Amino acid sequence: MIIGVHNHKGGIGKTTISAHLGLRADQRGIPSLMVTLDRQGDLMRWYSDERQLDPNKPSKRGNITALYSPMEQPPASATGGFPLVVIDTPPEAGIPAIVTPDLWICPVDNRTAIESLAEVVPAMTEKAPCYVVFYGADAGGINTLRGLQEATRLIPDVEYHPEVIPHSPAAFRTQAYYRPVWDVPHGKGTAAHHLMVGLCDAILKRAGFPEEKR
Ligand SMILES: Nc1ncnc2c1ncn2[C@@H]1O[C@H](COP(=O)(O)OP(=O)(O)OP(=O)(O)O)[C@@H](O)[C@H]1O
Ligand SMILES: [Mg+2]
308 MIIGVHNHKG GIGKTTISAH LGLRADQRGI PSLMVTLDRQ GDLMRWYSDE
358 RQLDPNKPSK RGNITALYSP MEQPPASATG GFPLVVIDTP PEAGIPAIVT
408 PDLWICPVDN RTAIESLAEV VPAMTEKAPC YVVFYGADAG GINTLRGLQE
458 ATRLIPDVEY HPEVIPHSPA AFRTQAYYRP VWDVPHGKGT AAHHLMVGLC
508 DAILKRAGFP EEKR
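In this note's numbering, the protein residues as written are 308 to 521.
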């Protein structure tokens with residue numbers, strides 16, 4: 308199962324969501340290959356002490372293998388052995404042409420992001436279904452949400468995560484520590500913690516991983 312995380316708008320939560328997906332899968336004992344197509348390779352920081360930026364040297368931590376693969380989807384020979392492959396992408400318009408996932412995750416935070424996503428969704432849905440996440444979308448309150456819901460009419464052929472993942476100080480701190488929101492100071496037990504776990508589990512479920520027994 309290959310999951311591509313993409314929106315060609317920048318700074319919208321792609322890397323944060325990708326990183327949490329790998330860490331949640333790790334908690335659940337699902338081995339994953341986490342790939343960053345971004346030349347900056349920020350995702351690597353989450354999974355190795357040194358930022359390993361050599362496409363020939365994957366780094367391994369727990370159930371997670373991380374691979375720097377600038378602007379190239381690794382071949383099936385590299386991804387085939389992993390039940391879960393997550394591809395974090397840079398905010399570039401040509402991504403749907405070079406990534407072929409089984410499922411796309413598309414974070415959007417405001418109306419402009421939805422409008423810009425509408426331009427690339429046809430190229431994306433040609434390859435795989437799109438699961439759209441309202442991410443950091445509640446800063447403007449109910450009117451923002453209404454605007455988002457209206458704007459979603461622009462892209463009818465996608466699925467939506469039923470909850471909004473809020474903008475939160477704990478989630479913001481994750482990139483200071485490169486730790487998940489449940490592991491940063493004052494992160495455990497917050498709404499952001501529960502909503503992030505809920506998002507990761509919903510994505511894993513949509514990707515065909517059976518739900519965890521509680
Ligand atoms: N839920 C959140 N609440 C507050 N801040 C957040 C949240 N999620 C992510 N951030 C912060 O927003 C910034 C952008 O997040 P991130 O790097 O995940 O976006 P991106 O889409 O991968 O960006 P790029 O397009 O540059 O690759 C980071 O500083 C991150 O810590
Ligand atoms: Mg990123």
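Every residue, glycine too, gets a C-beta built ideally from N, C-alpha and C.
From a predicted model like this one, the values you see are computed outputs, not experimental measurements.
query	result
Quick one: grab the DSSP three-state call for residue 366.	strand
Tell me whether residue 380 is buried or exposed, calling it buried when 16 or more other Cβ atoms sit within 10 Å of its Cβ.	buried
Does residue 497 come out as helix, strand or coil in the three-state DSSP assignment?	coil
Compute the minimum distance between the beta carbon of residue 419 and the heavy atoms of ligand 1, and state whether it is under 7 Å.	no
Provide the residue span of the alpha helix (DSSP H) that contains residue 476, from first to last.	476–484
One question on the structure: do residue 348 and residue 340 come within less than 8 Å of each other, judged by their Cβ atoms?	no
Quick check on this structure: which residue in 484, 483, 496, 508 has the alpha carbon closest to the alpha carbon of residue 470?	508
Quick one, what's near ligand 1 if you take every residue whose CB is closer than 5 Å to any heavy atom, in chain order?	317, 318, 319, 320, 321, 322, 323, 398, 443, 474, 475, 478, 479, 482
Does any heavy atom of ligand 2 sit closer than 7 Å to the C-beta of residue 395?	yes
Is residue 345 a contact residue of ligand 2, with contact defined as CB to any heavy atom under 7 Å?	yes
Under 7 Å from any heavy atom of ligand 2, does the C-beta of residue 416 make it?	no
Assuming contact is defined by CB atoms lying nearer than 8 Å, are residue 378 and residue 346 in contact in what I supplied?	yes
Within 7 Å: the Cβ of residue 349 and any heavy atom of ligand 2?	yes
Based on Cα-Cα distance, which residue from 413, 511, 423 lies nearest to residue 320?	413
In angstroms with no decimal places, state the Cα-to-Cα distance between residue 483 and residue 500.	16 Å
What are the boundary residues of the beta strand (DSSP E) that residue 391 is part of?	391–395
Nearest-angstrom Cα distance between residue 479 and residue 435?	30 Å
Enumerate, from N- to C-terminal direction, the unbroken alpha helix (DSSP H) stretches of 4 or more residues contained entirely within the region 403–460.	418–432, 448–458
For my contact list, residue 430 and residue 403 are in at a C-beta cut-off of 8 Å; report their separation, rounded to the angstrom.	4 Å
Using a Cβ-Cβ cutoff of less than 6 Å, which residues in the same chain neighbour residue 416 once the five nearest sequence positions on both sides are dropped?	319, 442, 443, 444
On the criterion of 16 or more Cβ atoms from any shown chain inside 10 Å, does residue 400 qualify as buried, or is it exposed?	exposed
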